[in-house]
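Heads up, the sequence shown is in the working numbering, so the first residue is 18 and it goes up one at a time. From the three backbone atoms N, C-alpha and C, an ideal C-beta is built for every residue, glycine too. Predicted model, so just to flag it, every value in this text is computed and none were measured.
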Amino acid sequence: MNIKFKIEYKDFLNFYTSATYKTERFNKIVKYTWLFILLIVAFVILVSSENKFRGIAFIIAILVSIFIRFFMKVFYKNMIIAGLNRKESTYMFKAMEVTLSEKEGLYVKNFREKRLIYFNVIRALYMVDNYLIIIFGNNDYIYIPKAAFKDTPQEYDFINLLKEKTNKTVSNLYPQFLLYK
Numbered sequence: 018m019n020i021k022f023k024i025e026y027k028d029f030l031n032f033y034t035s036a037t038y039k040t041e042r043f044n045k046i047v048k049y050t051w052l053f054i055l056l057i058v059a060f061v062i063l064v065s066s067e068n069k070f071r072g073i074a075f076i077i078a079i080l081v082s083i084f085i086r087f088f089m090k091v092f093y094k095n096m097i098i099a100g101l102n103r104k105e106s107t108y109m110f111k112a113m114e115v116t117l118s119e120k121e122g123l124y125v126k127n128f129r130e131k132r133l134i135y136f137n138v139i140r141a142l143y144m145v146d147n148y149l150i151i152i153f154g155n156n157d158y159i160y161i162p163k164a165a166f167k168d169t170p171q172e173y174d175f176i177n178l179l180k181e182k183t184n185k186t187v188s189n190l191y192p193q194f195l196l197y198k
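See below:
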């Protein structure tokens, strides 16, 4: 079974940022940042001798509490954009071909490489929003958009054959352990 596709930058950016915001890692970073800022504000309140500074610090703490998630989303989105614009990431948005062989595994071909990914190397399968994520090896992964499949039966055949050969189930949650690269 052969699939040819090209991932659209804007769609992938929207998917990647929305999925990243749901991960434990992002939420942990938001909590630690929030705690750090509140500790700084608490320190200012404790060492300030004037009530005016205490009031201002208290108002800042309330505003930070309200807007921290928004600021972190903007900051994280800018980090993701910078990561996707790096030279190493540009291959993701070029034409790619994935061939599923019933005997050996996945043949992945893009402008930079041709490689065979054996079924026993595939660690996990995820179907999140409009992307099939295949994780293999040491946190290497492939994103295949649903639009790459000609029709729904081809998509089901591809996924079922992949599930059968790898003995993995397809999860609908975004993988929590992926590095954001």
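**Item:** Backbone secondary structure at Val187 - three-state DSSP
**Value:** Of the three classes helix, strand and coil, the one that applies to Val187 here is strand, per DSSP.
**Asked** Nearest-angstrom Cα distance between Lys182 and Val115?
**Response** Near 16 angstroms, if we compare the C-alpha coordinates of Val115 and Lys182.
**Message:** If you reduce the DSSP assignment to three classes, tell me which class Met96 lands in.
**Reply:** Helix at Met96.
**Asked** Per DSSP, what kind of secondary structure is Thr116 in: helix, strand or coil?
**Response** Residue state, collapsed to three classes: strand.
**Request:** Please report the residue range of the alpha helix (DSSP H) in which Phe53 lies.
**Result:** DSSP places Phe53 inside the alpha helix (DSSP H), whose first and last residues are Glu41 to Val64.
**Message:** Checking 7 angstroms against the spacing of the C-beta atoms, do Val61 and Ala74 come in under that value?
**Reply:** Judged by their CB atoms, Val61 and Ala74 are nearer to each other than the 7 angstroms cut-off.
**Item:** Environment of Ala36 [buried if 16+ CB atoms lie within 10 Å]
**Value:** That one is buried.
**Message:** For a quick check, are the C-beta atoms of Asp146 and Phe53 less than 7 angstroms apart?
**Reply:** For the pair Asp146 and Phe53, the CB atoms are not nearer than the 7 angstroms cut-off.
**Request:** Grab me the residues of Ala78's own chain with a C-beta within less than 7 angstroms of its C-beta, minus the 5 sequence neighbours each way, in chain order.
**Result:** Only Leu55 and Val58 meet the Cβ criterion.
**Item:** Buried or exposed (CB count within 10 angstroms, at least 16 for buried), Ala99
**Value:** Around the C-beta of Ala99, fewer than 16 other C-beta atoms lie within 10 Å, and the residue is accordingly described as exposed.
**Request:** Under 7 angstroms Cβ to Cβ from Ser106, same chain only, skipping five residues before and after it: list those, please.
**Result:** Answer for Ser106: Gly100, listed in chain order.
**Message:** For a test of the three-state rule: what should DSSP assign to Tyr38, helix, strand or coil?
**Reply:** Coil at Tyr38, not helix or strand.
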